[in-house]
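Report on the structure given below.
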DNA sequence: TTAATATCGATAAAATAATATCGATAAAAT
DNA sequence: ATTTTATCGATATTATTTTATCGATATTAA
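Protein chains in written order, with this note's numbering: chain A, 538 to 751; chain B, 538 to 751.
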């Protein structure tokens, strides 16, 4: 009903990081500027931003307001708690990853079969404490960084404990109930996809006879 | 010209991991089975798979061949070398990440201003050695895990050294030449997006009066 | 050998997303 | 004050993606 396309939602964080990292004193940004820097269609940018706030003709969008509106819309102001399950190298890296805080996600702790370890800023706890903590603190979001062979079983137990959304780093397909939202992040395929794009780009430049790109 | 949609390409790794992790002795898989397990439209699955190989009516797709074809298509058999730039927690985690090997990406080494460190299986080298190694080994792919404030400058120097594709973990927009392929991975926004999806799903279930979903 | 069934593949239709165009508005310049 | 210019917003067009439908094919069983 609110009719915001998934594609648009995917681009909104892009605008946000762009606006945030762009060091400038200008109070206004125009959609055309953004589109040029991000190499997107200007109308597309305008249409996306129109979902979030309205700009002023001739001047553009008030930069600070736009950032605030994007953060508001994306729900970054809401403070969510999350846990990490699996304290291997990746899990521990994410446990100390500073970026989550900035987007309003508070990572409480990591859990691992190896048991307690409080040498880091945030604790690593034994997996046996997970169920209790998740229920007591009403945590709904989990980051899953266990080895692939264990992922399905662990995910099932997370579901049983009341977790409703899982960011899954294990390269397996999780079979869970319909109500659980699963978002897969496969670092290997991201990289492999990049390698493929590169290979394709090279092919194209090597065989320009085939290209009739008009 | 080869007209494979971007959406399809995004789904192919999904099929691959599904086929790989699905423990079964069956030699054949049907597109309908896949679509049910992955909760996709069966025709969509069939159409996607048709880009890669052809199945047999009545029996389905030969499982091993399908895996091989997907890997072949996605270029996982080609062995690419990559480097990691920025050996913080995330960079080191990725350096030892076992998943890349499986997809035909060989991570040679990580580079960091902190200098050499060979305590891990793969070396962390001083950033001063980067240019030489990239040029000597003709490395084209870099994984960028430096802090956000340094990302743009480092990326520029990578471009100068001959890197042609960057998997960027820094939450900033990189401004580089057109020929450099940049793929952004923002772990924080992935998680934030998940949190938002969860919030939306709850809203929907709380206010069913608004829903006229048919 | 023939009929029934499950599955593929191709074509068509519907839904969704991206782009182009045009008029309106407000700031700046003459 | 009027013209010019840059930008937004809305509508319309085009392209892409997803879904539905139909016929063909091979396997199984009678």
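Quick reminder that beta carbons are idealized off the backbone N, C-alpha and C, glycines included.
Query: Collapsed DSSP secondary structure at residue 748(A) in the structure displayed; Result: Only weak support is given to the placement of residue 748(A): the predicted model assigns it a pLDDT of 35, under 50, and the value that follows is read from those uncertain coordinates. The answer is coil: DSSP assigns residue 748(A) none of H, G, I, E or B.
Query: Under 8 Å between C-beta atoms of residue 688(B) and residue 709(B); Result: yes
Query: Under the three-state DSSP convention, the category residue 721(A) falls into; Result: strand
Query: Same chain, Cβ closer than 7 Å to residue 542(B), neighbours up to 5 away in sequence not counted; Result: none
Query: Integer Cβ distance of residue 612(A) from residue 733(B), believed to fall under 8 Å; Result: 5 Å
Query: Interface partners of residue 708(A) on chain B, CB under 7 Å; Result: 554, 636
Query: Test item: CB-CB of residue 781(A) and residue 550(B) under 8 Å; Result: One cannot answer for residue 781(A) here, as it falls past the ends of chain A, which runs 538 to 751.
Query: Contact residues within the stretch 638 to 660 of chain B, judged by C-beta distance below 8 Å to chain A; Result: 639, 640, 641, 642
Query: Three CB pairs or more closer than 8 Å across the stretch 602 to 617 of chain A and the stretch 575 to 592 of chain A; Result: yes
Query: Closer than 8 Å to chain B by CB, residue 745(A); Result: Confidence at residue 745(A) is low in this model, with a pLDDT of 46, below 50, so the placement of that residue should be treated as unreliable; the coordinate-derived value is given next. False, the Cβ-Cβ gap to chain B never drops below 8 Å.
Query: Chain B contact for residue 720(A) (CB, 8 Å cutoff); Result: yes
Query: Check: residue 547(A) C-beta below 7 Å from any heavy atom of the ligand PLP; Result: The ligand PLP is not part of the structure shown, which contains no ligands of any sort.
Query: Extent of the continuous alpha helix (DSSP H) to which residue 571(B) belongs; Result: 568 to 575
Query: Check whether residue 702(A) and residue 678(A) have beta carbons under 8 Å apart; Result: yes
Query: Simplified DSSP assignment, three categories, for residue 538(A); Result: Residue confidence is low: residue 538(A) scores 39 on pLDDT, short of 50, so the model does not pin down where it sits. Its coordinate-derived value is still stated next. Coil, per DSSP.
Query: Pair within 8 Å by beta-carbon distance, residue 739(A) and residue 731(B); Result: no
Query: Beta-carbon gap between residue 621(A) and residue 680(A) smaller than 8 Å; Result: yes
Query: Proximal chain A residues relative to residue 734(B), where beta-carbon distance stays under 8 Å; Result: 702, 718, 720
Query: Stretch pair the stretch 645 to 660 of chain B + the stretch 617 to 636 of chain B: three plus CB contacts closer than 8 Å; Result: yes
Query: Cutoff 8 Å: residue 569(A) Cβ touching any chain B Cβ; Result: no
Query: Reduced DSSP category for residue 731(B) - H, G, I as helix; E, B as strand; rest coil; Result: helix
Query: Residue 615(B) vs residue 636(B) beta-carbon contact at 8 Å; Result: no
Query: Straight-line gap, residue 618(A) to residue 671(A) (C-alpha atoms, nearest Å); Result: 10 Å
Query: Min CB distance residue 680(A) to chain B below 8 Å; Result: yes
Query: Cβ of residue 713(B) within 8 Å of any chain A Cβ; Result: no
Query: 3 or more residues per run - each beta strand (DSSP E) lying fully within the stretch 599 to 685 of chain B; Result: 617 to 622, 642 to 649, 661 to 663, 678 to 681
Query: Alpha-carbon to alpha-carbon, residue 735(B) and residue 716(A); Result: 10 Å
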